[in-house]
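Asks: I'd like to ask some things about the structure below.
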């Protein structure tokens, strides 16, 4: 085997170091599968002197990722720096312009600039691949783009942010409030520099919109995704959900309807013993429903050195094998601009608020719900906390717009002592 | 788009008809993804006149699959007839010799002749693909060959025969014995013409050995797989397992050890609430463990028109896209001949037998187990049935060879009134 595929790796954090370790450890195996020797020629990171517990002596060093991307001895530019703009974007553009293949784990970059980059990649005749950007080690991009290509995709659901899942399951296990577990996650280094990327659902939504693009043949449109983070989830919600046989998960949902593309990332109640409900910690799960396949479920580690680097290597080996398909499965020019649609699919909802402790208040709330077209399945008033009583309601299935009306009606009574929140109940 | 990819489909049973329906229904979508128009030019089946509820008028008819495979207007020969020899094998060989790509759902053919056919396909420079042969619609071949190619695979487990899963779950639900549910499955048309293919574990083992070949870079070796069917499972076993928090599943396991390749397909006890334990009816699950990825789980429909045809179309679209890799992931000449190894991994076991109702008998059994190096974790003697008492034992973890010795020792007491059986307990 004399041919080789030469990688330039930008970013030597967890994933970058993971990729180097895999290549050093499994070179013969990888090369047999790739049909070429996989070779790292150059690397680049912020600090040259930092100890990364991996031998970099065989690789050229670049301080500038753009220079790395343009090197003559690089066939594939592996971008593992992250960030939706800045060096990541500039260097990926430089690589494409220089005719290099690109492999990236950067969901933010692609969620914001995926369509433009995919178009540029096609013009340049190179592959732009991003398996590691979505759900860590789970080969969901390949499954959706290739394995399930014989299906009209109907719906995608996924739990794809390990930090949110960690916080929610830790709250349940410990009985501690959100603020304390948030701080614990922060101490453990689980949170992004901007925590809203995790707990606001932004990171998970970046992943979801990439899946949407492949599934529905649409241009990536992050701004159209409906986002609701986990910051409002209280320990009462978690306990109440558990008491009713549910668990709260930050759940992504994407589907194409007559009105357009629905994309939402929001905390939902899912059955406690369902595959989604049983997910713990950093494990991700993606559910794909297609017209022929029915339902397919993929589960695995959503982050971490080994799993994410495994996904990067899957892309690298594909490139070595000459596998070349458009970034989002069909040529970028054929990707449509789907209008963003709000969900109109009826669901049951969980509503929580607190009420002033006075006669007739509950009747006002019930009237507000009724007038909004929302009927009550179950209602539980909890022990008073001073002059205020938490109240938990499960509705019969109703359209999301009715829930919005109901929340306004509840607030308009002037009887609430906390902002009402509503969480969708998803029976999967 | 002027280019087309022309298919010749042999076999118009459930899967063949499913493929035709997908192409008729989703032609534009498939062609956009494939980058070529997917076109059926000719078909072939035993009976030309049978009503298949699908319009075949646009396709040429061949009575002979070999002629179909050689047609000048066929680029891809799609073999959906089944059978390890006969027309399936002859026609696939003819297609390869004629330089046609081959897509097949035929696990028996590949389990017995996969290595020779893969070698021939490489010499001919064509693709031989078989996603539909393993686990129905689950894109496990693609995941293992491509998506997880960056991993040294450590272990594969899978529940991959829907009929066995149906029988075992129906026995649990109904409380009826194996023989009655077997007959029910037969009436429903769930069983192969030779039922041993299903209930003997042969069909599932065909699938397992194909996965082994990809995972471990070895020549397919069906004869080396250890097989145990579900025919000996009694309703008592199912009830006892449930009482201890387990469910019985026909579970495949493949792993490479220092001594060689272990491949087994046997009924095992798995935790009731685990993903494997919760599988119902025809749903399949494959678990892959790799050095970087950790554990990945894929779940979906293991059979049926839509799912299996979806897998066939995944392969067809890959070929249209120019994706061309060796059948088992690395060139056939590099696949090794791994020696077959018996498992030496210690496990807990469930043992059931019936004993003559007499003093001292239980002590004899306990002594037999102890002398075999097997220690008892739990033991339950059930209500007498006449002069005989069923006895259920759960052992502490022990090597499989000790269990073999223990079964011989139990039988050698001369105190048993039924053949003792042992089922491995797998904590996954």
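Protein chains in written order, with the working numbering: chain A, 1 to 428; chain B, 1001 to 1428. Yeah, the Cβ is synthetic: ideal placement off N, Cα and C, and Gly gets one too.
By the three-class DSSP mapping on this structure, what secondary structure does residue 30/A have?
Replies: Your numbering for residue 30/A matches position 30 in the first chain. In the structure shown, residue 30/A sits in a helix (DSSP, three-state: H, G or I).
Asks: Check residue 396/A in the structure and name its three-state DSSP category.
Replies: Translated into the one-based positions of the first chain, residue 396/A becomes position 396. Note: residue 396/A maps to coil in three-state DSSP.
Asks: Would the segment 1349-1357 of chain B count as touching the segment 1387-1396 of chain B if we require 3 or more Cβ pairs under 8 Å?
Replies: yes
Asks: Apart from the five residues on each side of it in sequence, which residues of its chain come closer than 8 Å, Cβ to Cβ, to residue 1005/B?
Replies: If you number the second chain from 1, residue 1005/B lands on position 5. Hits under 8 Å: 1034, 1036, 1037, 1038, 1039, 1075, 1076, 1316, 1319 and 1320.
Asks: Quick one: any contact between the segment 412-425 of chain A and the segment 360-377 of chain A, if contact means 3 or more CB pairs under 8 Å?
Replies: yes
Asks: So which residues on chain A does residue 1024/B lean against when the C-beta distance must stay under 7 Å?
Replies: The count along the second chain starts at 1 and reaches residue 1024/B at position 24. What residue 1024/B touches in chain A: nothing, since even the nearest Cβ is about 12 Å away.
Asks: Only counting runs of 4 or more residues, tell me where the alpha helix (DSSP H) segments fall wholly within the segment 320-384 of chain A, in order along the chain.
Replies: 361-371
Asks: Tell me the DSSP secondary structure of residue 155/A in three-state form.
Replies: Walking along the first chain from the start, residue 155/A turns up at place 155. It is a strand residue.
Asks: Below 8 Å on the Cβ atoms is my contact criterion, and I expect residue 307/A with residue 136/A to pass it. Report the Cβ-Cβ distance as a whole number of Å.
Replies: By 1-based counting over the first chain, the position of residue 307/A is 307. By 1-based counting over the first chain, the position of residue 136/A is 136. Contact flag correct, Cβ pair sits at about 4 Å.
Asks: Does residue 1009/B get closer than 8 Å to chain A when you measure Cβ to Cβ?
Replies: Taking the first residue of the second chain as 1, we reach residue 1009/B at position 9. No, residue 1009/B lies away from the interface with chain A (no Cβ there is under 8 Å from its Cβ).
Asks: Under 8 Å by Cβ, that's how I've got residue 143/A and residue 124/A pegged, so tell me the actual separation to the nearest angstrom.
Replies: For the purposes of this step, residue 143/A is taken as the residue at position 143 of the first chain. For the purposes of this step, residue 124/A is taken as the residue at position 124 of the first chain. Not really, about 26 Å apart at Cβ, beyond 8 Å.
Asks: Between the segment 285-302 of chain A and chain B, which residues of the former have a C-beta closer than 8 Å to a C-beta of the latter?
Replies: 290, 291, 292, 293, 294, 295, 296, 297, 298, 299, 300 and 301
Asks: Under the assumption that residue 1324/B contacts residue 1127/B (Cβ atoms under 8 Å), give the Cβ distance between them as a whole number of angstroms.
Replies: In the second chain, counting from the first residue as 1, residue 1324/B sits at position 324. In the second chain, counting from the first residue as 1, residue 1127/B sits at position 127. Between residue 1127/B and residue 1324/B the Cβ distance is about 5 Å, and since that is below 8 Å, they are a contact.
Asks: Give me the chain B residues within the contact set of residue 317/A, using Cβ-Cβ distance strictly less than 9 Å, ordered along the chain.
Replies: For the purposes of this step, residue 317/A is taken as the residue at position 317 of the first chain. Correct list: 1146, 1149 and 1150.
Asks: Please report the residue range of the beta strand (DSSP E) in which residue 1100/B lies.
Replies: The residue labelled residue 1100/B in the question sits at position 100 within the second chain. Careful: residue 1100/B lies outside any beta strand (DSSP E) and carries neither H nor E.
Asks: Which residues in chain B have a C-beta closer than 9 Å to the C-beta of residue 247/A? List them in chain order.
Replies: Working through the first chain from its first residue, we reach residue 247/A at position 247. Residues of chain B passing the Cβ test: none, with the nearest at roughly 14 Å.
Asks: Tell me whether the beta-carbon of residue 78/A lies closer than 8 Å to the beta-carbon of residue 17/A.
Replies: Sequence index remark: in the first chain, residue 78/A carries index 78 (1-based). Sequence index remark: in the first chain, residue 17/A carries index 17 (1-based). Contact: no.
Asks: Counting only beta-carbon separations shorter than 8 Å, does residue 1313/B have a partner in chain A?
Replies: Translated into positions along the second chain, residue 1313/B becomes position 313. Residue 1313/B counts as touching chain A.
Asks: Need the endpoints of the alpha helix (DSSP H) that residue 942/B sits in, please.
Replies: Since the first residue shown for chain B is 1001 and the last is 1428, residue 942/B is missing from the structure and cannot be characterised.
Asks: How would you list, in chain order, the residues of chain B whose beta-carbon sits under 7 Å from the beta-carbon of residue 139/A?
Replies: The residue labelled residue 139/A in the question sits at position 139 within the first chain. Simply 1143, 1147 and 1148.
Asks: I'd like to know if the segment 1282-1300 of chain B and the segment 1221-1237 of chain B are in contact, where contact means that at least 3 CB-CB pairs between them fall below 8 Å.
Replies: The way I'd put it, the segment 1282-1300 of chain B doesn't touch the segment 1221-1237 of chain B; fewer than three beta-carbon pairs between them come closer than 8 Å.
Asks: With a threshold of 8 Å between beta carbons, is residue 1219/B in contact with chain A?
Replies: Reading the second chain from its first residue, position 219 is the one you call residue 1219/B. Answer no: the Cβ-Cβ gap between residue 1219/B and chain A never drops below 8 Å.
Asks: By Cβ distance, which residues of its chain are closer than 6 Å to residue 114/A, with the 5 residues on each side in sequence left out?
Replies: Position 114 of the first chain, counting from 1, holds the residue named residue 114/A. Same-chain partners within the cutoff: 220.
Asks: Could you work out which residue in 1373/B, 1258/B and 1245/B is closest to residue 1273/B when comparing CA atoms only?
Replies: Here residue 1273/B is taken as the residue at index 273 of the second chain, counted from 1. Among 1373/B, 1258/B and 1245/B, the Cα nearest to that of residue 1273/B is on 1245/B.
Asks: CA-CA distance, residue 181/A and residue 231/A?
Replies: In the first chain, residue 181/A corresponds to position 181, counting from 1. In the first chain, residue 231/A corresponds to position 231, counting from 1. Residue 181/A and residue 231/A: Cα-Cα distance of roughly 11 Å.
Asks: Is it the case that the Cβ atoms of residue 164/A and residue 204/A are separated by a distance below 8 Å?
Replies: On the first chain, position 164 is the one that residue 164/A refers to. On the first chain, position 204 is the one that residue 204/A refers to. Yes.
Asks: Output, in chain order, the set of chain A residues within a Cβ distance shorter than 8 Å of residue 1309/B.
Replies: One-based indexing of the second chain puts residue 1309/B at position 309. Result: 150 and 292.
Asks: Check the Cβ-Cβ distances between residue 33/A and every residue of chain B, and say whether any is below 8 Å.
Replies: To locate residue 33/A, count along the first chain from 1; it is residue 33. Cβ-Cβ to chain B under 8 Å: yes for residue 33/A.
Asks: Can you say whether residue 408/A is buried or exposed, counting buried as having 16 or more other CB atoms within 10 angstroms of its CB?
Replies: Mapped onto the first chain, residue 408/A falls at position 408. Result: exposed.
Asks: How many Å lie between residue 1425/B and residue 1247/B at the Cα?
Replies: The residue you call residue 1425/B lines up with position 425 of the second chain. The residue you call residue 1247/B lines up with position 247 of the second chain. Using only the alpha carbons, I get a separation of about 10 Å.
Asks: In angstroms, rounded to a whole number, what distance separates the CA positions of residue 1008/B and residue 1162/B?
Replies: What you label residue 1008/B is simply residue 8 of the second chain in a count that begins at 1. What you label residue 1162/B is simply residue 162 of the second chain in a count that begins at 1. Approximately 29 Å between the Cα atoms of the pair.
Asks: For residue 8/A, which three-state DSSP category applies?
Replies: Taking the first residue of the first chain as 1, we reach residue 8/A at position 8. Residue 8/A: strand per DSSP, three-state reduction.
Asks: Spell out whether any CB of chain A is found under 8 Å from the CB atom of residue 1162/B.
Replies: As a first step, residue 1162/B must be located in the second chain, where it is residue number 162. It does not: the Cβ of residue 1162/B has no partner Cβ on chain A nearer than 8 Å.
Asks: For residue 1250/B, would you say it is in contact with chain A, using Cβ-to-Cβ distances shorter than 8 Å as the test?
Replies: Numbered from its first residue, the second chain carries residue 1250/B at position 250. By this cut-off, residue 1250/B is not an interface position.
Asks: Using 10 angstroms around the beta-carbon of residue 188/A, count the other beta-carbons present and answer buried if the total reaches 16, otherwise exposed.
Replies: If you number the first chain from 1, residue 188/A lands on position 188. Exposed, since its Cβ has fewer than 16 Cβ neighbours within 10 Å.
Asks: Can you find a C-beta in chain A that's less than 8 Å from the C-beta of residue 1275/B?
Replies: As a first step, residue 1275/B must be located in the second chain, where it is residue number 275. Taking Cβ atoms only, chain A reaches closer than 8 Å to residue 1275/B, which makes this a yes.
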